[in-house]
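Single-structure report; data block below.
There are 2 protein chains.
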Amino acid sequence: MNAAVLEKIGKRGGRGARRQARSTINTTMLPALRRKLSPVEPMDGDQIERIDRASMDILEEVGVVFRDEQALADWKAAGADVRGERVHLDRNLVRELIASIPESFTYHARNPANNLPFGNDHSIFVPMTGAPFLRDLEDKRRMPTLDDLANFHKLAYMLPALHSTAHHIVEPMDHVVAHRHLRITYSSMKHSDKTFMGMTTSGRNAEDVMEMCAILFGEEFMENHAVTTGNCNGNSPLVWDEAMLSAMRAFCRRNQPVLCSPFVLGGANTPASVPAAVAQLNAEALSGLAYTQVVRKGCPAIYGHYLSTVSMKSGAPMAGTPEIALMNFMIGQMARYYRVPWRTSNTLGGAKTFDAQAGYESASTMMAVLMAGANYIWHSAGWNEAGMHCSMAKFVVDAEQCAMGYRMAEGIHWDDFDEALAAVRDVGPGGHYLGHPHTQARFQEAFFMPDRFDNNSVEQWIAEGSQEITERALKHARRLLEVYEEPKLDDAVDEALRDYIARREREIPAVDALNTEH
Amino acid sequence: MNAAVLEKIGKRGGRGARRQARSTINTTMLPALRRKLSPVEPMDGDQIERIDRASMDILEEVGVVFRDEQALADWKAAGADVRGERVHLDRNLVRELIASIPESFTYHARNPANNLPFGNDHSIFVPMTGAPFLRDLEDKRRMPTLDDLANFHKLAYMLPALHSTAHHIVEPMDHVVAHRHLRITYSSMKHSDKTFMGMTTSGRNAEDVMEMCAILFGEEFMENHAVTTGNCNGNSPLVWDEAMLSAMRAFCRRNQPVLCSPFVLGGANTPASVPAAVAQLNAEALSGLAYTQVVRKGCPAIYGHYLSTVSMKSGAPMAGTPEIALMNFMIGQMARYYRVPWRTSNTLGGAKTFDAQAGYESASTMMAVLMAGANYIWHSAGWNEAGMHCSMAKFVVDAEQCAMGYRMAEGIHWDDFDEALAAVRDVGPGGHYLGHPHTQARFQEAFFMPDRFDNNSVEQWIAEGSQEITERALKHARRLLEVYEEPKLDDAVDEALRDYIARREREIPAVDALNTEH
Chain A
1 MNAAVLEKIG
11 KRGGRGARRQ
21 ARSTINTTML
31 PALRRKLSPV
41 EPMDGDQIER
51 IDRASMDILE
61 EVGVVFRDEQ
71 ALADWKAAGA
81 DVRGERVHLD
91 RNLVRELIAS
101 IPESFTYHAR
111 NPANNLPFGN
121 DHSIFVPMTG
131 APFLRDLEDK
141 RRMPTLDDLA
151 NFHKLAYMLP
161 ALHSTAHHIV
171 EPMDHVVAHR
181 HLRITYSSMK
191 HSDKTFMGMT
201 TSGRNAEDVM
211 EMCAILFGEE
221 FMENHAVTTG
231 NCNGNSPLVW
241 DEAMLSAMRA
251 FCRRNQPVLC
261 SPFVLGGANT
271 PASVPAAVAQ
281 LNAEALSGLA
291 YTQVVRKGCP
301 AIYGHYLSTV
311 SMKSGAPMAG
321 TPEIALMNFM
331 IGQMARYYRV
341 PWRTSNTLGG
351 AKTFDAQAGY
361 ESASTMMAVL
371 MAGANYIWHS
381 AGWNEAGMHC
391 SMAKFVVDAE
401 QCAMGYRMAE
411 GIHWDDFDEA
421 LAAVRDVGPG
431 GHYLGHPHTQ
441 ARFQEAFFMP
451 DRFDNNSVEQ
461 WIAEGSQEIT
471 ERALKHARRL
481 LEVYEEPKLD
491 DAVDEALRDY
501 IARREREIPA
511 VDALNTEH
Chain B
1 MNAAVLEKIG
11 KRGGRGARRQ
21 ARSTINTTML
31 PALRRKLSPV
41 EPMDGDQIER
51 IDRASMDILE
61 EVGVVFRDEQ
71 ALADWKAAGA
81 DVRGERVHLD
91 RNLVRELIAS
101 IPESFTYHAR
111 NPANNLPFGN
121 DHSIFVPMTG
131 APFLRDLEDK
141 RRMPTLDDLA
151 NFHKLAYMLP
161 ALHSTAHHIV
171 EPMDHVVAHR
181 HLRITYSSMK
191 HSDKTFMGMT
201 TSGRNAEDVM
211 EMCAILFGEE
221 FMENHAVTTG
231 NCNGNSPLVW
241 DEAMLSAMRA
251 FCRRNQPVLC
261 SPFVLGGANT
271 PASVPAAVAQ
281 LNAEALSGLA
291 YTQVVRKGCP
301 AIYGHYLSTV
311 SMKSGAPMAG
321 TPEIALMNFM
331 IGQMARYYRV
341 PWRTSNTLGG
351 AKTFDAQAGY
361 ESASTMMAVL
371 MAGANYIWHS
381 AGWNEAGMHC
391 SMAKFVVDAE
401 QCAMGYRMAE
411 GIHWDDFDEA
421 LAAVRDVGPG
431 GHYLGHPHTQ
441 ARFQEAFFMP
451 DRFDNNSVEQ
461 WIAEGSQEIT
471 ERALKHARRL
481 LEVYEEPKLD
491 DAVDEALRDY
501 IARREREIPA
511 VDALNTEH
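So the protein lines, in turn, are chains A and B. Okay, so the first sequence: first residue is 1 according to the working numbering, each after it adds one. Okay, so the second sequence: first residue is 1 according to the working numbering, each after it adds one.
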């Protein structure tokens with residue numbers, strides 16, 4: 001039982017049974033991962049420069065469309081060659097602009113114990129977002145509500161390897177679209193004291209998120225501290241639209257980091273070539289990153305992408321494929337070349353249920369993005385059905401997989417090597433280690449024991465009801481939700497947030513339309 | 001449709017429907033993978049030497065038990081310090097002995113088109129073996145028969161990324177143990193013309209396998225060519241037994257390679273420390289490898305291991321855990337340090353069905369062993385339930401995963417980079433690539449499209465019967481078996497093999513006992 005769990009029980013009391021249950025579940029957040037394994041780097045220096053050259057040629061000669069008056073005006077003022085909506089960016093201008101992006105920063109949570117060092121060799125795991133459906137605690141596929149979203153935020157809060165509650169993990173369909181960003185933001189803030197993401201569905205919505213962050217963290221604090229992250233998708237090939245750009249501006253003006261994420265369906269909106277797709281994606285990401293510095297020089301920003309390949313047979317996006325691994329390795333190399341922290345997507349997949357396909361897809365991607373050395377590992381829990389649903393069962397299993405990936409990426413622990421070797425002499429040929437004092441003392445930290453996997457005999461498994469992983473995982477999710485305790489918001493802050501939401505809901509017409517981002 | 005498939009249809013005829021079905025299934029074996037990605041290497045030069053030093057200290061000071069009169073006599077003759085059953089091996093003697101192990105060789109198949117370059121940056125995928133149960137074409141768990149084994153050999157023959165049919169993928173329980181090695185070997189030889197493994201359940205059984213190989217390949221050919229591989233498990237910690245050692249001798253005397261594979265249950269028969277477990281395993285593997293060179297200097301041999309960690313909670317072996325990945329990375333470094341080709345295990349897992357657990361475990365392991373740079377990737381298809389059953393459904397899915405891992409490990413294809421970049425200019429911002437001539441020409445080779453994954457919409461998936469991956473995979477397995485055509489053995493060879501088996505079955509008493517190896 002860890003200190004945080006003990007402390008919680010001590011402080012808050014509650015019924016004996018719940019206390020007992022809580023005491024066996026560790027909910028202390030793991031610090032931001034510090035990777036010790038060197039990333040997989042399939043390109044040599046010349047090849048990195050070849051991609052860089054190709055991307056810069058695209059930016060200069062093909063240009064990027066900014067479908068937004070303000071951005072076009074900003075680019076003109078910054079000295080870019082603007083022809084209609086198309087902005088041709090000189091490579092020197094791009095290099096000069098991205099040079100002011102911080103290589104690392106601290107990502108702040110309302111509980112300072114959950115602050116995250118970000119960039120360089122640090123990685124954080126952020127759950128999926130944007131699902132218009134869920135598979136619920138009964139594994140039933142249906143439309144999500146705000147209560148379902150709250151449950152996901154509670155789970156994200158309690159699962160140690162998740163560093164954030166993100167934002168709209170599932171879309172709360174019981175609220176009108178125009179008001180949803182307010183409720184989503186409040187849910188993230190209220191049910192967890194980890195970091196969270198801010199909605200970027202429009203410039204005005206992003207402004208609302210910034211106002212709510214100002215209530216929670218203080219206006220002045222935000223000026224010098226990253227307290228949320230927003231995602232801005234580019235429309236590949238080579239287009240940024242008004243909704244994303246205005247949201248980007250809202251974040252950058254407040255010095256808050258955005259993920260500049262081209263939305264790539266390899267082969268459909270990129271060339272059918274791994275390195276050429278990366279060259280295009282890199283050009284797109286650089287154009288967004290450069291624009292963040294036009295809006296506010298020195299503002300933190302994150303090199304992003306959403307990355308799938310499409311099936312030539314069905315046109316559907318695919319995940320867990322070899323090219324996605326390779327592209328992640330390459331993008332990691334490019335982001336490090338430019339000294340900008342970068343975001344990737346974890347656990348993507350197209351399975352319709354939480355079957356073996358989902359497991360293969362998720363684990364292949366997890367290994368690839370860890371080996372790629374990604375900093376912001378988004379969509380790390382729950383993603384299924386090409387993002388169309390978030391699965392409660394998969395959510396808790398993915399979170400444990402993150403903990404396992406975390407352990408792997410930490411590398412080898414040499415600290416007790418000599419004592420462990422002494423055990424070899426003690427035990428000798430044909431002996432057993434389980435009773436040895438070193439084993440007793442060090443086993444738990446030496447070898448990860450996944451709780452979501454069943455490794456018992458088939459006889460034991462049958463005796464326990466022949467439960468596949470979905471059933472076992474849902475049982476765990478229910479148990480977590482039963483013992484959840486809210487990390488209380490300051491009452492005055494809570495009231496101010498509620499007042500803000502009430503006022504804005506009166507002001508904003510209840511027009512309905514669905515926006516998601518990836 | 002590839003040339004081999006066309007040729008088969010042209011030569012063999014058959015009914016129209018079967019011909020039609022075959023024409024859409026590619027069964028041409030992929031050549032041995034040549035890895036282009038640099039392996040993940042978590043140790044620096046000093047740390048490698050630290051493991052080497054620790055292993056050599058164990059060999060010199062603790063020693064290794066050889067429970068076998070002949071081996072003890074051989075070691076005495078070789079100048080080792082033999083005290084009872086315990087052999088203390090001087091590091092200079094070990095280094096001198098392993099220096100004569102070939103760094104690479106060709107692994108021969110009866111069809112020379114399926115020969116495999118082996119060692120260095122080459123990798124081969126070999127299916128699982130040793131399962132006492134199967135999950136069959138109806139996903140029913142039951143005892144396997146010789147016909148079931150034949151079906152697995154047929155599938156291994158037809159699945160392009162599998163380079164071998166191995167041997168007893170499942171145990172043919174309808175035959176007495178004492179005769180089984182004969183039937184298993186014949187099944188491997190008859191149903192496929194890829195490489196196969198030889199049984200090592202005892203010295204005498206291994207001799208039978210050698211005799212059957214001599215019938216198939218010729219006595220003289222075997223003297224200079226590897227035509228099979230045998231696995232010899234060590235009993236960790238630090239014991240080799242008579243059955244394994246006598247089988248090892250049978251193979252080495254005929255110049256055939258064995259896998260020297262300590263059987264590691266991390267924490268139970270090793271210290272609870274990743275580097276110390278590797279140091280012990282390395283000592284064990286080196287002692288086996290050194291002995292192969294005592295038996296026959298210059299004989300090919302393979303650094304092996306079976307590697308799991310055990311759960312402190314249940315005592316059960318675990319797979320897909322972070323430490324298994326780390327240990328694989330380290331073992332790869334040690335094998336390369338000694339310049340000996342090495343074997344690992346793929347797709348291990350403890351799931352009782354082909355559920356998401358199985359998918360996570362398999363994919364995590366596959367990524368780890370590819371990144372570790374393993375040469376002989378055993379247990380690459382079908383493994384489930386800690387090796388207690390081989391799953392037909394998982395077998396065909398794992399085989400496709402191998403093809404995907406293969407593609408990833410090949411690295412980036414730069415050959416059409418400039419043409420692909422030209423497409424970026426043609427298409428421009430906001431355009432579509434699917435109709436572009438470069439996309440049409442290069443899509444298939446640019447992006448892997450997994451057939452065993454469903455990436456359609458949920459509506460389409462429901463319309464097709466809401467089939468999870470198990471059902472879809474079994475359909476594919478049935479289809480493969482329906483269109484299977486035997487790569488005919490030469491009639492005289494076939495008759496000689498049958499005669500040999502008949503004679504030996506008359507000679508060998510039908511005593512029953514179960515042996516498996518991993």
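Glycine included, C-beta positions come from ideal geometry on N, C-alpha and C.
Under 7 Å between C-beta atoms of LEU370(A) and ILE302(A):
Locating residue 370(A) in the first sequence gives position 370, counting from the first residue. Locating residue 302(A) in the first sequence gives position 302, counting from the first residue. No, the Cβ-Cβ distance between LEU370(A) and ILE302(A) is not below 7 Å.
DSSP three-state label for HIS476(B), please.
Here residue 476(B) corresponds to residue number 476 of the second sequence, with the count starting at 1. HIS476(B): helix per DSSP, three-state reduction.
For the segment 208-226 of chain B against the segment 174-184 of chain B, do three or more pairs of beta-carbon atoms, one drawn from each stretch, fall closer than 8 Å, so that the two count as touching?
Touching, yes, given that three or more Cβ pairs across the two stretches are closer than 8 Å.
For PHE354(A), which residues in chain B fall below 7 Å Cβ to Cβ?
Numbered from 1 along the first sequence, position 354 holds the residue referred to as residue 354(A). Ordered by position in chain B, the residues that pass the 7 Å Cβ test against PHE354(A) are ALA356.
Assign ASP416(A) to one of two classes, buried (16 or more other C-beta atoms within 10 Å of its C-beta) or exposed (fewer than that).
Walking along the first sequence from the start, residue 416(A) turns up at place 416. ASP416(A) counts as buried, since no fewer than 16 other beta carbons sit within 10 angstroms of its beta carbon.
With 7 Å as the threshold, decide whether the Cβ of TYR360(B) is near any Cβ in chain A.
Here residue 360(B) corresponds to residue number 360 of the second sequence, with the count starting at 1. Interface with chain A (7 Å Cβ-Cβ cutoff): TYR360(B) is included.
Going straight from the alpha carbon of THR228(A) to that of VAL483(A), what length do you get?
For the purposes of this step, residue 228(A) is taken as the residue at position 228 of the first sequence. For the purposes of this step, residue 483(A) is taken as the residue at position 483 of the first sequence. Spanning the two alpha carbons is a distance of roughly 27 Å.
Would you mind working out which of ARG343(A), THR270(A), TRP75(A) and GLY430(A) sits nearest GLU419(B), comparing C-alpha positions?
Numbered from 1 along the second sequence, position 419 holds the residue referred to as residue 419(B). The option with the nearest alpha carbon to GLU419(B) is THR270(A).
Per-residue DSSP class, three states only, for THR309(B):
As a working note, residue 309(B) is residue 309 in the second sequence. Reduced to three states, the DSSP call for THR309(B) is strand.
Counting only runs of 3+ residues fully inside the segment 107-136 of chain B, write out the beta strand (DSSP E) ranges in chain order.
With a minimum length of 3 residues, the continuous beta strand (DSSP E) runs that stay inside the segment 107-136 of chain B are 116-119, 122-125 and 133-135.
N-terminal and C-terminal residue of the alpha helix (DSSP H) that TYR337(B) is part of
The sequence position of residue 337(B) within the second sequence is 337, counting from 1. First-last of the alpha helix (DSSP H) with TYR337(B): 322-338.
Neighbourhood of LEU326(A) by C-beta, 8 Å cutoff - its chain only, sequence neighbours within 5 removed:
Taking the first residue of the first sequence as 1, we reach residue 326(A) at position 326. PRO42 and VAL274.
If you reduce the DSSP assignment to three classes, tell me which class PRO429(B) lands in.
Here the question's residue 429(B) lines up with position 429 in the second sequence. Annotated three-state conformation of PRO429(B) is coil, per DSSP.
Listed from N- to C-terminal order along the chain, which residues in the segment 426-439 of chain A have their beta-carbon within a distance smaller than 9 Å of any beta-carbon of chain B?
Within the segment 426-439 of chain A, contact with chain B at the beta-carbon level (separation under 9 Å) is assigned to VAL427, GLY428, PRO429, GLY430, GLY431, HIS432, TYR433, LEU434, HIS436, HIS438 and THR439.
Could you check whether the Cβ of SER273(B) sits closer than 7 Å to any Cβ belonging to chain A?
By one-based count along the second sequence, residue 273(B) stands at place 273. Output row for SER273(B): interface = yes.
Around the Cβ of THR292(B), are there at least 16 other Cβ atoms within 10 angstroms (buried) or fewer (exposed)?
For this step, residue 292(B) is matched to residue 292 along the second sequence. So THR292(B) counts as buried.
By a C-beta neighbour count over all protein chains shown, 10 Å radius and 16 as the cutoff for buried, is LEU238(A) buried or exposed?
Start at 1 with the first residue of the first sequence, and residue 238(A) comes out as number 238. So LEU238(A) ends up on the buried side.
Entirely within the segment 254-288 of chain A and at least 3 residues each: give me those beta strand (DSSP E) ranges in chain order.
Look at the segment 254-288 of chain A and you find these whole runs of beta strand (DSSP E), each 3 residues long or longer: 258-266.
Consult DSSP for ASP454(B) and reduce its assignment to one of helix, strand or coil.
Position 454 of the second sequence holds residue 454(B). Annotated three-state conformation of ASP454(B) is coil, per DSSP.
Can you check the segment 159-214 of chain A for any alpha helix (DSSP H) of at least 4 residues that lies completely inside it and give the ranges in chain order?
Correct list: 177-191.
Is the segment 348-361 of chain B touching the segment 316-323 of chain B in the sense that three or more CB pairs, one from each, lie closer than 8 Å?
By the Cβ test, the segment 316-323 of chain B is in contact with the segment 348-361 of chain B, since at least three Cβ pairs between them sit closer than 8 Å.
Complete beta strand (DSSP E) runs within the segment 364-422 of chain A (minimum length 3 residues, chain order):
The qualifying runs are 376-378 and 389-391.
Within the continuous beta strand (DSSP E) that includes PHE66(A), where are the two ends?
Reading the first sequence from its first residue, position 66 is the one you call residue 66(A). Its beta strand (DSSP E) spans residues 64-67.
Quick check: is the beta carbon of ASN92(A) nearer than 7 Å to any beta carbon in chain B?
The residue you call residue 92(A) lines up with position 92 of the first sequence. For ASN92(A), no CB of chain B lies under 7 Å from its own CB, so it is not counted at the interface with that chain.
Checking 7 Å against the spacing of the C-beta atoms, do SER311(A) and MET449(B) come in under that value?
In the first sequence, counting from the first residue as 1, residue 311(A) sits at position 311. In the second sequence, counting from the first residue as 1, residue 449(B) sits at position 449. Yes, the Cβ-Cβ distance between SER311(A) and MET449(B) is below 7 Å.
What is the rounded straight-line gap between the Cα of ILE501(B) and the Cα of ASP494(B)?
The residue you call residue 501(B) lines up with position 501 of the second sequence. The residue you call residue 494(B) lines up with position 494 of the second sequence. Cα to Cα, the separation comes out at about 11 Å.
CB-CB under 6 Å to ALA161(A), same chain, minus the five flanking residues each way: which ones, in chain order?
Within the first sequence, the letter at position 161 stands for residue 161(A). Taken in chain order, the residues that qualify are LEU30, PHE125, ALA399, CYS402, ALA403 and TYR406.
Boundaries (first-last residue) of the alpha helix (DSSP H) holding THR439(B):
Walking along the second sequence from the start, residue 439(B) turns up at place 439. That run of the alpha helix (DSSP H) goes 437-446.
Can you tell me where the beta strand (DSSP E) holding TYR500(B) begins and where it ends?
Residue numbering aside, residue 500(B) sits at position 500 when the second sequence is read from its first letter. Following the DSSP letters along the chain, one finds TYR500(B) in no beta strand (DSSP E) but inside the alpha helix (DSSP H) bounded by residues 491-507.
For the segment 235-268 of chain A, which residues have a CB atom closer than 8 Å to at least one CB atom of chain B, in sequence order?
Cβ contacts with chain B come from ASN235, PRO237, LEU238, VAL239, GLY266, GLY267 and ALA268.
ILE302(B): first and last residue of the uninterrupted beta strand (DSSP E) it sits in
Walking along the second sequence from the start, residue 302(B) turns up at place 302. Looking at the DSSP string, the run of the beta strand (DSSP E) that includes ILE302(B) is 301-303.
Closest Cβ-Cβ distance between PHE395(B) and chain A: below 7 Å?
The sequence position of residue 395(B) within the second sequence is 395, counting from 1. For PHE395(B), the answer is no, since every Cβ of chain A falls outside 7 Å of its Cβ.
Among all the DSSP beta bridges, which residues are the ones paired with PRO520(B)?
Residue 520(B) lies beyond the stretch modelled for chain B, which goes from 1 to 518, so this question has no answer here.
For a test of the three-state rule: what should DSSP assign to PHE354(A), helix, strand or coil?
Within the first sequence, numbered from 1, the residue matching residue 354(A) stands at position 354. Looking at PHE354(A) - three-state DSSP - the assignment turns out to be coil, as it is neither helix nor strand.
When you compare the segment 131-144 of chain B with the segment 384-397 of chain B, are there three or more beta-carbon pairs, one atom per stretch, that lie closer than 8 Å?
Taking 8 Å as the limit for Cβ pairs, the verdict is that the segment 384-397 of chain B does touch the segment 131-144 of chain B.
Meets three-Cβ-pair contact criterion under 8 Å: the segment 157-174 of chain B and the segment 430-438 of chain B:
No, they do not touch.
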